[in-house]
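Visitor: Numbering (this note's numbering), first residue to last: 453 to 1139.
Ideal placement from N, C-alpha and C gives every residue a C-beta, glycine not left out.
Quick one: structure below, then a few questions.
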């Protein structure tokens, strides 16, 4: 039985005696070591530090003290969660308590539902075990109540399943040495370059560097150059925006000045910086460079923009730059369009490859233990070898393992063994292949010669690979990405699932493979639950992110309606079940968008505004619409008839339904896979 330290009683509980009874259930597995009242603007609550007993350490992997929040409010607000975040970043919490997990107690009987909704929209918030006063009072006599609540709530959240850049240190793993290196470069006003494949964590690392440098007093501006608000404008307008942002960063009112924008930028740096360091981060640099494939005015604008930066830095040493992208080609070109490249020789490049095995071990153990998964050492080594330490692929593999074990109903904590991973490899990697385009898409877009070399390796064309590699530096970049083995041995792609994806895409382009992957019958229920969970969660996040970025609304603040019906759909196996599935998805995901348009008095909102704002998602939603109209024998307009014909040609290569044994399920698979992939694509555009 745990205890409450005397100081907690004397200095806090004597002022808030009603909270003593609420603490009693926690004493079955925790000591209460610290307590105080926290107040910040309109928020106030009691804070306690709980020290876990050995049973909690063993079962949940919690080795340090955990924060317990007791709120008096009968209904929580998002500002309460923001206040909790602020408290955890300050002393005495900072560095003392577990940064990933908290307990939250409130009188609100719907507390768990509120937390679930909040986390769905804020997936990087700490893992929260939510307990109402009623639950605590009812569980006071049960010595296992707290541990049962922890099992239920901790093990239900999939910590692996998050693809967004990390905006806090809560779930940041590895890369600390590189972050410190870049932070030091900002202090000394040295330029750095960060390069690597997509989804290796470059943006998360840049956000980490920004937090560290801002804590040291530096001013840091971050620009995502693939943002249409940046890449579609010219270099003069971009520089004007940077000048405004500099003044705001230093807390100064922008001045109205005349003269050339380059001179005004230089004057602003001299006026504002003084002894303060300023760093400007340009992420996704390829989009505003000589290799840009969409906004080609940057082929010309690149030189005057960077001439301005280079000459300014020559006069004012307090400013520095970080360039991030796929590879350092834009800094390695000696000339651009016949003019000396201003970036040539002034950027020290750093490649971000996969996590090392130690960091993969830390991530799998840290996340896994909170979810009730115990990865054996051999299983961790297998995951490292199979996915090359690539953060997103490793996380998605972990997410698949979690979903598969949940579908089996195994009691947690449960061991994850190498044999299990090898056995489930085909199905798991068929699922993970959906993420591969996000990793190599920009390599294919901006550096097609390098991508072609990967195709040669994937298809066994070693002769062309080695002949081409002997005469250029492309192979060096491929090694720097961590994609091919770094030695002089026989070249091979280091991440098998990526090799499989590249091979499949090559065969598809060559029209060599016309077979369709269909989820095996025995795996369909697990596949379906995973797809529904991801689609339901991600489309809400997409809507919120889009509105914040100025996009049109899809469903509004409360998300799509009748969510419980969407999550309850069954695997399709005949025409009636296909009709039920398509009707449900049309009612939940398509019709509400059309209703949104009517409320805004916008005719053809789905066909015009939504198509323009979310072209890939629109295509996935159109698939629902046209297949549903066909299944329900609804009279089709000429436009919809044409779209149905095009959709079937794309989905089934023009073959008649009767030629497929599982045609009805295949329609469901095409609909759900299409939504899953295209929501990811749209979210990528907004990041």
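Rounded to a whole number of angstroms, what is the C-alpha to C-alpha distance between residue 907 and residue 1019?
Guide: 39 Å
Visitor: Indicate whether residue 755 and residue 898 have their beta-carbon atoms separated by less than 8 Å.
Guide: no
Visitor: Select from 778, 765 and 808 the residue whose C-alpha is nearest the C-alpha of residue 795.
Guide: The option with the nearest alpha carbon to residue 795 is 765.
Visitor: Going residue by residue through the segment 844-894, where are the continuous beta strand (DSSP E) segments of at least 3 residues, counting only ones entirely within it?
Guide: As far as the segment 844-894 is concerned, its whole beta strand (DSSP E) runs of at least 3 residues are 866-868.
Visitor: If you drop the 5 nearest sequence neighbours on each side, which residues of the same chain put their C-beta closer than 7 Å to that of residue 851?
Guide: Only 610, 612 and 613 meet the Cβ criterion.
Visitor: Going by C-alpha to C-alpha distance, which of 547, 548 and 556 sits closest to residue 535?
Guide: 556
Visitor: For residue 522, does the three-state DSSP call read helix, strand or coil?
Guide: strand
Visitor: Do residue 453 and residue 480 have their C-beta atoms within less than 8 Å of each other?
Guide: yes
Visitor: How many angstroms separate the CA atom of residue 1081 from the CA atom of residue 890?
Guide: 32 Å
Visitor: Of all the options 646, 716 and 918, which has the alpha carbon lying nearest to the alpha carbon of residue 696?
Guide: 716
Visitor: Buried or exposed: which applies to residue 477, given that a residue is buried once 16 or more other Cβ atoms fall within 10 Å of its Cβ?
Guide: Residue 477 should be labelled buried.
Visitor: Consult DSSP for residue 965 and reduce its assignment to one of helix, strand or coil.
Guide: Its pLDDT being 46, under 50, residue 965 is placed unreliably by the model, and nothing is read from it.
Visitor: Considering only residues of the segment 793-825, which uninterrupted beta strand (DSSP E) runs meet the minimum length of 3 residues and lie entirely inside it, listed in chain order?
Guide: For the segment 793-825, the continuous beta strand (DSSP E) assignments of 3+ residues that do not extend past its boundaries occur at 800-803, in sequence order.
Visitor: For residue 966, which residues of its own chain have a beta-carbon under 7 Å away from its beta-carbon, when the five flanking residues on both sides are left out?
Guide: Per-residue confidence for residue 966 stands at a pLDDT of 48, beneath the threshold of 50, marking its modelled position as unreliable; the derived number appears in the next sentence. Closer than 7 Å at Cβ, skipping near neighbours: 1105.
Visitor: Which value, in whole angstroms, describes the spacing of the CA atoms of residue 459 and residue 544?
Guide: 15 Å
Visitor: Check for me: the alpha helix (DSSP H) holding residue 625 runs from which residue to which?
Guide: Note, residue 625: premise wrong, no alpha helix (DSSP H); not H, not E.
Visitor: Tell me whether residue 529 sits in a helix, a strand or coil according to DSSP, three-state version.
Guide: For residue 529, the three-state secondary structure derived from DSSP is coil.
Visitor: Is it buried or exposed, residue 602, if we count other Cβ atoms within 10 angstroms and call 16 or more buried?
Guide: buried
Visitor: For residue 831, count neighbouring Cβ atoms within 10 angstroms of its own Cβ and tell me buried if that reaches 16, exposed if not.
Guide: buried
Visitor: In angstroms with no decimal places, state the Cα-to-Cα distance between residue 741 and residue 753.
Guide: 8 Å
Visitor: Using C-beta distances below 7 Å, list every residue in its chain close to residue 514, excluding the 5 sequence neighbours before and after it, in chain order.
Guide: 504, 508, 550 and 553
Visitor: Is it true that the CB of residue 1062 sits closer than 8 Å to the CB of residue 1006?
Guide: When the beta-carbon positions are compared, residue 1006 and residue 1062 come within less than 8 Å of each other.
Visitor: Within its chain, find whatever has a CB closer than 7 Å to the CB of residue 677; leave out the 5 residues flanking it on each side and keep chain order.
Guide: 683, 734, 735, 736, 737, 739 and 740
Visitor: Check whether the Cβ atoms of residue 634 and residue 661 sit closer than 8 Å, and answer yes or no.
Guide: In contact: residue 634 and residue 661 (Cβ atoms closer than 8 Å).
Visitor: Pull up the distance between the alpha-carbon of residue 1068 and that of residue 1136, whole angstroms please.
Guide: Rounded to the nearest angstrom, the two C-alpha atoms are 11 Å apart.
Visitor: Between which residues of its own chain and residue 825 is the CB-CB distance below 6 Å, once the five residues before and five after are set aside?
Guide: 868
Visitor: Checking 8 Å against the spacing of the C-beta atoms, do residue 597 and residue 558 come in under that value?
Guide: no
Visitor: Take the Cβ of residue 944 as the centre, count every other Cβ of all protein chains shown within 10 Å, and call the residue buried at 16 or more, exposed below.
Guide: exposed
Visitor: Across which residues does DSSP place residue 772 in a beta bridge pair?
Guide: 731
Visitor: Considering only their Cβ atoms, is the gap separating residue 512 from residue 606 smaller than 8 Å?
Guide: yes
Visitor: So the candidates are 659, 1041 and 722; which of them puts its Cα closest to the Cα of residue 995?
Guide: 1041
Visitor: Which residues bound the alpha helix (DSSP H) around residue 502?
Guide: Bounds of any alpha helix (DSSP H) do not take in residue 502; it lies within the beta strand (DSSP E) bounded by 495-504.
Visitor: Assuming residue 984 and residue 949 make a contact with CB atoms under 8 Å, what is their CB distance in whole Å?
Guide: The Cβ separation is near 24 Å, so there is no contact.
Visitor: Run through DSSP, which three-state label would residue 489 get?
Guide: strand
Visitor: Considering only residues of the same chain and omitting the five flanking positions on each side of residue 885, which have a CB-CB separation below 6 Å?
Guide: 953
Visitor: Just confirm the distance between the C-beta atoms of residue 1122 and residue 1075, as a whole number of angstroms; I'd bet it's less than 8 Å.
Guide: 7 Å
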